Structure formats: structure tokens, C-alpha cells
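Positions 0 to 636 (numbering that gives the first Met the number 0) are the ones given, in order, by the first sequence. Just so you know, even glycine gets a beta-carbon here, dropped at the ideal spot from N, CA and C. Here the structure is a predicted model, which is why all the values come from computation and not from measurement. In what follows, a single structure is set out as C-alpha cells and then discussed.
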Amino acid sequence: MVKVKVEGKELEVEKGTRLGEIFENLGIEKAIGGKAGQRIIDLLTPIEEDMEIVPIFKDDPESLEIMRHTLSHIMAHALKEIYGYDKVHLGIGPTTEEGFYYDVEVEGHTISSEDLPKIEEKMREIIKNNYPLFRKTIEREEAIKLFSQMKEKYKVDIIERIDLEETISLYGQDGFVDLCKGPHVPSTGMVGEFKLTHVAGAYWMGDSSKPMLQRIYGIAFWDKKELEERLRFYEEAKKRDHRRLGKELELFLIEDEIGAGLVIWLPKGAILRRLLEDYWKEEHIKRGYQLVYTPHVGNAKLWQISGHLEYYKPNMFSPMQIEEEEYFVKPMNCPFHVAIYKSKVRIYKELPLKLAELGTVYRYEMSGVLHGLMRVRGFTQDDAHIICMPEQVEEVIEETLAFAINMLKDFGFEDFKVYISTRPADAIGSTEQWELAEGSLKKAVEKLGLSYEIDEGGGAFYGPKIDIKIRDAIGRLWQCSTIQFDFNLPERFNMEYVGPDNRRHRPYMIHRAIFGSIERFIGVLLEHYAGLLPLWLSPVQVKIIPISPEKHGSYAKQIETKLKQEGIRVEIYLRDERLNARIRDAELQKIPYIVVLGDKEVESNSLSVRGKREGNMGSMSVEGFISMLLEKIKNKE
RNA sequence: GCCGGCGUAGCUCAGCGGCAGAGCGAGGCACUCGUAAUGCCUAGGUCGUGGGUUCAAAUCCCACCGCCGGCUCCA
Numbered sequence: 000m001v002k003v004k005v006e007g008k009e010l011e012v013e014k015g016t017r018l019g020e021i022f023e024n025l026g027i028e029k030a031i032g033g034k035a036g037q038r039i040i041d042l043l044t045p046i047e048e049d050m051e052i053v054p055i056f057k058d059d060p061e062s063l064e065i066m067r068h069t070l071s072h073i074m075a076h077a078l079k080e081i082y083g084y085d086k087v088h089l090g091i092g093p094t095t096e097e098g099f100y101y102d103v104e105v106e107g108h109t110i111s112s113e114d115l116p117k118i119e120e121k122m123r124e125i126i127k128n129n130y131p132l133f134r135k136t137i138e139r140e141e142a143i144k145l146f147s148q149m150k151e152k153y154k155v156d157i158i159e160r161i162d163l164e165e166t167i168s169l170y171g172q173d174g175f176v177d178l179c180k181g182p183h184v185p186s187t188g189m190v191g192e193f194k195l196t197h198v199a200g201a202y203w204m205g206d207s208s209k210p211m212l213q214r215i216y217g218i219a220f221w222d223k224k225e226l227e228e229r230l231r232f233y234e235e236a237k238k239r240d241h242r243r244l245g246k247e248l249e250l251f252l253i254e255d256e257i258g259a260g261l262v263i264w265l266p267k268g269a270i271l272r273r274l275l276e277d278y279w280k281e282e283h284i285k286r287g288y289q290l291v292y293t294p295h296v297g298n299a300k301l302w303q304i305s306g307h308l309e310y311y312k313p314n315m316f317s318p319m320q321i322e323e324e325e326y327f328v329k330p331m332n333c334p335f336h337v338a339i340y341k342s343k344v345r346i347y348k349e350l351p352l353k354l355a356e357l358g359t360v361y362r363y364e365m366s367g368v369l370h371g372l373m374r375v376r377g378f379t380q381d382d383a384h385i386i387c388m389p390e391q392v393e394e395v396i397e398e399t400l401a402f403a404i405n406m407l408k409d410f411g412f413e414d415f416k417v418y419i420s421t422r423p424a425d426a427i428g429s430t431e432q433w434e435l436a437e438g439s440l441k442k443a444v445e446k447l448g449l450s451y452e453i454d455e456g457g458g459a460f461y462g463p464k465i466d467i468k469i470r471d472a473i474g475r476l477w478q479c480s481t482i483q484f485d486f487n488l489p490e491r492f493n494m495e496y497v498g499p500d501n502r503r504h505r506p507y508m509i510h511r512a513i514f515g516s517i518e519r520f521i522g523v524l525l526e527h528y529a530g531l532l533p534l535w536l537s538p539v540q541v542k543i544i545p546i547s548p549e550k551h552g553s554y555a556k557q558i559e560t561k562l563k564q565e566g567i568r569v570e571i572y573l574r575d576e577r578l579n580a581r582i583r584d585a586e587l588q589k590i591p592y593i594v595v596l597g598d599k600e601v602e603s604n605s606l607s608v609r610g611k612r613e614g615n616m617g618s619m620s621v622e623g624f625i626s627m628l629l630e631k632i633k634n635k636e
């Protein structure tokens, strides 16, 4: 007998009684599963020991996970029914943040998106039939035999990896059996609303040397409304895709004739980029950084010493031969900044030394990973290297992190995730170095009150780091800011400073970037604002529309001059179109303010202002309009 | 790089063995307009590139380049 406690009630039942039965006895209806501590168990799970269980209902987020998991099984079941039980080989079928997927191999057929409706239909049939699910445990040897017979080679692979102590469970319904830990709903009719969305490739076990399976993705919610909302969100996200906005707003150009992953900044995009750069430079100068410039290529000897040729060569552009010497286009700025540090003897009073550069680097990225501005082959890092003494590390990290967060906030980002990556297995550097560095990272994050995740062992071999990722329009996280220790380069380049004791010491070196890359940051920015940039960053801030270019053109010109004198980026709409068409055009260009000028305005020496965010704002004086704009620009609105 | 899909006018796309198409945009003309599309006319394409099959290829096949969705990798 085991004792089970649920919602304050205690019940003694026979060992091995299923959770569903226990809930039934206690009169708990409509539970989808239960939580025992952190573990989610389903209604089919036998209870083998005393425990306290919190029931999971439909409004608990965990219930979605259970239902989605069953949907992935139903999809596998449908595939088996359609393509044959011995032709479909199943990989893994987990849940995702909004649905589920299953990795499969179908012998003699490639699933394409055209097959999805057919698969969905079969799934709905299975759901309608409301097959009860079964769960049973099985011995390891027996499991291997069973799945070998079923030609489920990937499942056999999984079983062989399962810990010897772990119990192996099977779930299934009707003629379908799957190796699975659960949890599931107890019958196929109990799942929610779903839709299969797309098919993509995925390596078995995420290993590029292993075969590639097809991953079929679906999304699922309890509520049809929620599902539809999600689908609408995807449509909406497509509209704010920075690649599309870049084209529509004439910001940048990426073309195969120029080269994959290489960005051309069009005039309007160049304004945006320049604003970012100017602001970045000002902020760095304020904080004691020294701005430098370094070359785009460097002698192979340099990259030899830095270790890049040893560790980073696959990511570098091929070398070029100049007068019997090899040169490489830089994939990083670090060695040059080190050279600046080493250009003279450094003393402790100079430290921390902060060198910063908007350094354009080129990296070979595999063609399949290129993605608009987010992943390119040539990009400009807002790079800086801080060289300091061990006793300064903590203060430096704290200051740097605060700087990064403040800057991100100035651009309107609040939704980011902070990760600290710690020492990996094959690390260089002493334990003291790692401990000091990791400790300073954690302290800084905590001091700023940021929540963070530890990526245990996720640091580079040369040092731990903090990464800040920003969420994009469709929920993808992009790494932007990074603060990384480097125990490698100071050794390799024999960096030193003269301490108060008049002896030579090895400094700590910290790499850091706030935007990460200007390209990526602008990509994230565009998606974040769906192209409607804050006023201070808008390439065109005001569009003046004279109702009749002939009658009101000269007044428009006067206004333009006044605004320009205040540094406001303004254009006059001269094309001869109907007023509504011109307003529409300016709206589509996402220009923050439209100024309409007609007889009324000329007579009263005023403006009629329409804000992209505010709508029609009515009549305003020129001075009032200007001071409103300047105020907003100053506040980075 | 790998798996799958896709490259047709500046943009979005239709056509899928038999004359190269639409809408938007662009240029011109008329309209002179009060807060999200005025009407008419015109120009614009080596159908990604190269090869093949065929009487005939945008269309079928192969290779390459690029893009898209993912995987792996990463700022």
C-alpha cells in the first residue's frame, strides 16, 4: 500500500494504482495529469511510492505539454497509417514552446508541405476515434527486440543510450506503439486544437555526421481561438521581418551579384547606421574609452601568434598572397587591439585601458546559416577590449554590464535574456583566474538585479562570458551583447604591465560588444519596432505635404528650412498626387510625422500635423512643433 | 555544409511543354485635391546561370549560384 496526498486529502491505495484511478476515487474531475515535485506524471502512471501530487488542469501550462506530446504520437501514428508501419522510422517527438514535432524518416518518400493536410486529416480521424492510450513498462532486452522487429532503428539507438537503472516505458493506442517516457493524455480524443505548420530537416541526435531526418512541426493549444491567434501572430511576424522592411523602407540591400551575406547600406539605412554609430561613439568617449582604427587585413604571422589560424581558420576567408607573404582578412579585431596595447610599456596607472572600435570583420559562414542582417559574412562589431589588473576585474565587469544594459534600454529593449557561461572541460588558464572571472560576472549580474541562466561549461576555452540575447518578432533570441574574459591572448602576445611593485605582471583582458554587430542589432531593432523606428532613429522624421505644390510649395520650403536648421531630417513631398495618396505613401514609409500645408496654414502661419503613432494632431505653431520634436529626440522616443 | 521548398518586370506573384501575364511601382497627360490608393496612356523580361531532353522548354532532367524553412554552427 502507498499513501497519496492530493489537495490536502490523503488516500491509501494499492501499490501500482494508476493516478487516474486515484483522482477518480477522490472525486477530482477533469485533471489532465499531476505534478509530483518537479516531475509531471500522467493519469496512466502507476504510483509506486508515497507521494504528494498536485493535479494539473487545462488552465495549468503543464497540461499543454502533456496534450502536445500526445499529438506528436498521434502524428506518428498517422504517418504509420499513411506510409506503412515498416516504412516510417521514428526519431524523437518532443513538445516545443507552442506545439510539438516529430523527427521521422519515411522510406521511399519525402514529406513535403503538400502532404501536411493529408497527415492532419488522418490525425483528426485518430482523434475522433478516441482510442484509449496504454502505458506499460518493459525490460531493456525485450525493448530492443521489439523495436528491432518493428524496424525502428532510431528507437533502438535511444534504448541503447538509456541509463541501465531507468525503467523503459511504452505508450500507444490502437495499433501504434512508441518508446516514450510520457506524459500523455489517456485517450486520443482528449487533445486540443492543432495545425501542422512546416517540414524541415534535422540531424539525428543533432549530429551533422549522422543521417538527416525530416522534422514535421505542429502547433497546438487547448483553445481554437488561441491557435488562431498564434497563426495570426506568424502572419504579423512575417510583416515585421527585417528583410522585408529593409526592402520596403529602402534601408539595405543583400544581393547575390554582390555576394551572399554581404550588406549594402542604402542612403536611408546609412542614416540609421550613422545615428547608431555616432551615439555609440559619444557614449564610449563619455566612459573613458579610447577610439581606435585598425586594418581590415593582417599578416598570417599575426594570426599565427593569436591562435586564430590554429582554432578559427575554418571560419576565415581564404588568404591572399602579397609579396611572398600571406594575409588574412580579419575575423576579429582583438590582435590589433593587443598590438595597440603593446605599442609601449604600460604601467598600472593607465589601467583599466579601454580600447574601442567599430571594427568590420569577415567570417566564412556556411551558406545555409545566412539570414538577412542577422547572420552575415561581413559585419561591423562594436568591439572593445578592456585591459585591467586582477583587483579591477569586478569593478570593470560591473561598469561594462551596466553600460550595456543602459544602452539597450536607450533603444527600447527590455525583453532580453542573460546567460553566464562557465568553464568548459578543455579550458586554459588557472583555477584562480576562472574563479575570479566567473565570480565577477555573477556579482555584476546580481548587483544589477538581472535574472540570468547559467550555461554550465558553455564558456569558450579561453574564458567565461556573459551573453545578452534579445528576442525578435517571432520569439527567436539573438545574441547581441557579450562580455568575455580572455586568458589566452595576454599569454600568447605576452602582454604585461608594470605594477606598483615595479615588476611586470600579466593583465586581464576582456572583450565586449554591446550591439554585437551593427547589422544584427539593426535587424533586431527593425523587427522590434516593426519598422516604425523611434523618432530619434527615423531616417526621415518629417514629411511635408503641400496640398498644392504650386500654391503652397514656397511655404513648405520655408518650413523645411526651419526644421533643417534644428537638425530635423525632413523631406517635402513634391510628386503630384492626390492628398490621400500622398498621406498613404508617407504612412507606408512609416515616417513619424506628416505635416500638411494648405491655404489655412499659409494664412495662419501654422502647421497641420499628423503623427504615425498619434494620428491627426490638428493645427500647431511651427515653434511648438519643433520644440515637441526636439524634446522627443532628446528623450530618445 | 546537410534535408526540403523556391528563383518569371523595380516589388508581390500567376502561368507549369505550343505567342511572356496581372496588380503595385515607374514615366507621360488630365484632374488641383484637407488627412491611408483619381483616371487614362506608355515603357519595362536572355523567365537565376550553364548544359541536356524535345519539332518546340519559363514549364521536363542534370549541375552550379542564390533565397526561404529548419538542423549543425555563430555576433
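Contact between residue 42 and residue 22 holds, with the beta-carbon distance rounding to 7 Å and staying under 8 Å. Rounded to the nearest angstrom, the Cβ distance from residue 126 to residue 52 is 27 Å, too far for a contact under 8 Å. Judged by DSSP secondary structure, residue 183 falls outside any alpha helix (DSSP H); it is assigned neither H nor E. Where residue 38 is concerned, the enclosing beta strand (DSSP E) starts and stops at 38-41.
With contact defined as three or more Cβ pairs closer than 8 Å, the stretch 581-601 and the stretch 498-505 are not in contact. Beta-carbon to beta-carbon, residue 421 and residue 356 are separated by about 28 Å, too far to satisfy the 8 Å threshold. Within a 10 Å sphere around the beta-carbon of residue 231 sit fewer than 16 other beta-carbons, which makes this residue exposed.
Under the criterion of beta carbons closer than 8 Å, residue 177 and residue 75 qualify as touching, at roughly 6 Å.
In this structure, residue 136 places its C-beta atom within 8 Å of the C-beta atom of residue 167. The three-state reading of DSSP puts residue 395 in helix, counting H, G and I together. A distance below 8 Å between beta-carbons, with the five flanking residues on each side excluded, links residue 541 to the following residues of its chain, in chain order: 562, 567, 568, 569, 570, 590, 591, 592, 593, 594 and 628. Below 8 Å, enough C-beta pairs join the stretch 441-455 and the stretch 408-418 to call them touching: three or more. The alpha helix (DSSP H) runs lying completely inside the stretch 470-521 and spanning 4 residues or more are 488-491, given in chain order. Collapsing the DSSP output to three states places residue 389 in a helix. With 16 or more neighbouring CB atoms inside 10 Å of its own CB, residue 588 falls in the buried class. Under the three-state reduction of DSSP, residue 51 is assigned to strand.
With contacts defined by Cβ atoms closer than 8 Å, residue 45 and residue 30 do not form a contacting pair. Taking the CA atoms as reference points, residue 338 sits about 18 Å from residue 381. Rounded to the nearest whole angstrom, the CA to CA distance from residue 25 to residue 6 is 10 Å. Per DSSP, the unbroken beta strand (DSSP E) holding residue 8 starts and ends at 8-12. With contact defined as three or more Cβ pairs closer than 8 Å, the stretch 372-381 and the stretch 514-524 are in contact. Spanning the alpha carbons of residue 470 and residue 236 requires a straight line of approximately 12 Å. When rounded, the separation of the alpha-carbon atoms in residue 272 and residue 241 is 15 Å.
Sixteen is the threshold: when 16 or more other Cβ atoms of the shown chains lie within 10 Å of the Cβ of residue 102, as they do, the residue is buried. Beta-bridge partners assigned by DSSP to residue 573: none are found. For residue 327, the uninterrupted beta strand (DSSP E) segment begins and ends at 324-328.
Using a 10 angstroms sphere on the CB of residue 131, the tally of other CB atoms stays under 16, which defines it as exposed. Residue 175 is bridged by DSSP to 172.
Shown here for residue 334: same chain residues with a beta carbon closer than 6 Å to its own, the five before and five after excluded, namely 301 and 305 in chain order.
Assigned with DSSP and collapsed to three states, residue 208 falls in coil, not helix or strand. Scanning its chain for C-beta atoms nearer than 6 Å, with the 5 sequence neighbours on each side dropped, one finds around residue 466 the residues 418, 478 and 481, in chain order.
The beta-carbon distance between residue 289 and residue 194, rounded to whole angstroms, is 55 Å. This is too long to meet the 8 Å contact definition.
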